[in-house]
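Visitor: Got a structure for you, questions after.
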Amino acid sequence: MNRFHNTRSTHEGQAATAASRDARRLLRSLDGLLPEPMLQTVLVVVSGLPGTGKSYFSQRLAQQAPLTVLESDAMRKVLTPSPIHTAKESARLFQAIHEVIDLLLGQRLSVLLDATSLAEAHREPLYRLAERHNAKMMLVLVEAPPQVVRQRLDVRGKTPLRQDHSDADWGVYQRMRPLQEPIKRDHISVDTSGDIEPVVAKVAREIQRWTRQGR
Ligand SMILES: Nc1ncnc2c1ncn2[C@@H]1O[C@H](COP(=O)(O)OP(=O)(O)O)[C@@H](O)[C@H]1O
Ligand SMILES: [Mg+2]
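Using our numbering, read the sequence shown as starting at -13 and increasing by one per residue.
Written as structure tokens, this is what we have:
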């Protein structure tokens, strides 16, 4: 796609100078093919329980819209190769992720965060980041019926050559389920047991419309 070009030097240059060591490591781990800077940016927050299809949805959306995808499970393994998912480990991870979002939005790059973001307390710092950079906030709640999630997580756990970075299994899903808080703000819900493409296309169109303004 001609909208995309390699901005790796920008990421490792300007952005990295003021960044913490963790944030620099995360920035270095990003793919070299990143969207070009735009006057108007978006912060897409893809939220939901493990196995609901956040990463699958995020990848489909990133194929149709100029987004830098930050997958929390992949980033956790950049900072902690053998994660143990303690509160301390997550606090360190999300501090660095928030710093990276701040840097990318500051460079006028649109960002998608693929993370469970189940509690309002997880989402509040993201609302503030979007406001600070005047980025359009788009919240996507990814859902699937529990029996579909269970089957997916079973398959994911048994597949030896897995492409994903999540270690979450059905037990993790069950422990996290009561922690999910309703999203108070405007959001788009997608049930991934059905066809996700109409929602992917709708969100992509909205991003294109917004980011093209003022070009
Ligand atoms: N819309 C979908 N259609 C088919 N398979 C899907 C879909 N969404 C997710 N999956 C599959 O279900 C499993 C869990 O999805 P994933 O995106 O990894 O969930 P999450 O990122 O929310 O933990 C993966 O193996 C993925 O390929
Ligand atoms: Mg995932």
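Think of the CB as a built atom: it goes at the ideal place given N, C-alpha and C, for glycine as much as any other residue.
How close, in whole Å, do the beta carbons of tryptophan 156 and arginine 136 come, if the pair is a contact with beta carbons under 8 angstroms?
Guide: Within the sequence shown, the letter at position 170 stands for residue 156. Within the sequence shown, the letter at position 150 stands for residue 136. Confirmed, Cβ separation roughly 5 angstroms.
Visitor: Assign lysine 122 to one of three DSSP states: helix, strand, or coil.
Guide: As a first step, residue 122 must be located in the sequence shown, where it is residue number 136. Reduced to three states, the DSSP call for lysine 122 is strand.
Visitor: Kindly give me the distance between the Cβ atoms of leucine 127 and serine 175, rounded to whole angstroms, as I take these residues to be in contact under 8 angstroms.
Guide: What you label residue 127 is simply residue 141 of the sequence shown in a count that begins at 1. What you label residue 175 is simply residue 189 of the sequence shown in a count that begins at 1. Yes, leucine 127 and serine 175 are in contact; Cβ-Cβ is about 5 angstroms, under 8 angstroms.
Visitor: Is glycine 39 near tyrosine 159, with beta carbons less than 8 angstroms apart?
Guide: Indexing the sequence shown from 1 puts residue 39 at position 53. Indexing the sequence shown from 1 puts residue 159 at position 173. No; because the gap between Cβ atoms is not below 8 angstroms, this pair is not in contact.
Visitor: Mind reading off the beta-carbon distance from valine 31 to leucine 95? Whole number of angstroms is fine, and I expect it under 8 angstroms.
Guide: Here residue 31 corresponds to residue number 45 of the sequence shown, with the count starting at 1. Here residue 95 corresponds to residue number 109 of the sequence shown, with the count starting at 1. So it is not a contact: roughly 16 angstroms between Cβ atoms.
Visitor: Consult DSSP for glutamate 75 and reduce its assignment to one of helix, strand or coil.
Guide: In the sequence shown, residue 75 corresponds to position 89, counting from 1. Reduced to three states, the DSSP call for glutamate 75 is helix.
Visitor: Just to confirm, is the Cβ distance from methionine 24 to threonine 197 under 8 angstroms?
Guide: Counting from 1 along the sequence shown, the entry for residue 24 is found at position 38. Counting from 1 along the sequence shown, the entry for residue 197 is found at position 211. Their beta carbons are under 8 angstroms apart, which means methionine 24 touches threonine 197 by this criterion.
Visitor: Given this structure, state the Cα-to-Cα distance separating threonine 102 from serine 6, to the nearest angstrom.
Guide: Here residue 102 corresponds to residue number 116 of the sequence shown, with the count starting at 1. Here residue 6 corresponds to residue number 20 of the sequence shown, with the count starting at 1. Cα-Cα distance, rounded: 24 angstroms.
Visitor: Start and end of the alpha helix (DSSP H) containing serine 15?
Guide: Here the question's residue 15 lines up with position 29 in the sequence shown. First-last of the alpha helix (DSSP H) with serine 15: 7 to 15.
Visitor: Quick check on the burial criterion: 16 or more other C-beta atoms within 10 angstroms. Buried or exposed for leucine 89?
Guide: Here the question's residue 89 lines up with position 103 in the sequence shown. By the neighbour-count rule (16 or more Cβ atoms within 10 Å), leucine 89 is buried.
Visitor: Count the other CB atoms, across all protein chains shown, that sit within 10 Å of the CB of arginine 195; report buried if there are 16 or more and exposed otherwise.
Guide: Counting from one through the sequence shown, the residue named residue 195 turns up at place 209. Burial call: exposed.
Visitor: Using a Cβ-based criterion (distance less than 7 angstroms to any ligand heavy atom), does glycine 143 qualify as near ligand 1?
Guide: If you number the sequence shown from 1, residue 143 lands on position 157. The answer is no for glycine 143.
Visitor: Could you round the C-beta distance between alanine 121 and threonine 54 to whole angstroms and report it? I think they count as a contact, below 8 angstroms.
Guide: As a position in the sequence shown, residue 121 is number 135, starting the count at 1. As a position in the sequence shown, residue 54 is number 68, starting the count at 1. Not a contact, Cβ separation roughly 12 angstroms.
Visitor: Between lysine 40 and ligand 1, is there a pair consisting of the residue's CB and a ligand heavy atom that are separated by less than 7 angstroms?
Guide: By one-based count along the sequence shown, residue 40 stands at place 54. The answer is yes for lysine 40.
Visitor: Hey, quick one: how far does the alpha helix (DSSP H) through isoleucine 193 stretch, first residue to last?
Guide: For the purposes of this step, residue 193 is taken as residue 207 along the sequence shown, with counting starting at 1. Run containing isoleucine 193: 183 to 198, per the alpha helix (DSSP H) assignment.
Visitor: Aspartate 100 by DSSP, collapsed to three states: which one?
Guide: Here residue 100 refers to the residue found at position 114 of the sequence shown. Three-state DSSP puts aspartate 100 in a strand.
Visitor: Could you spell out the range, first to last residue, of the alpha helix (DSSP H) harbouring aspartate 206?
Guide: No answer is possible for residue 206: the residues shown for the chain start at -13 and end at 201.
Visitor: Report buried or exposed for valine 185, applying the criterion of at least 16 other Cβ atoms within 10 angstroms of its Cβ.
Guide: Translated into positions along the sequence shown, residue 185 becomes position 199. That one is buried.
Visitor: Give the single residue among Gln49, Phe80, Leu56 and His84 whose Cα lies nearest to the Cα of histidine 151.
Guide: Taking the first residue of the sequence shown as 1, we reach residue 151 at position 165. If we check each option's Cα against that of histidine 151, Leu56 comes out closest.
Visitor: Straight-line CA distance for aspartate 8 to leucine 79?
Guide: Counted from its first residue, the sequence shown places residue 8 at position 22. Counted from its first residue, the sequence shown places residue 79 at position 93. Taking the straight line from one Cα to the other gives about 8 angstroms.
Visitor: Considering only DSSP beta bridges, list what isoleucine 169 is partnered with.
Guide: Counting from one through the sequence shown, the residue named residue 169 turns up at place 183. Answer is none; isoleucine 169 lacks a bridge partner.
Visitor: Closer than 7 angstroms: is that where the CB of alanine 154 sits relative to any heavy atom of ligand 1?
Guide: Within the sequence shown, the letter at position 168 stands for residue 154. Yes.
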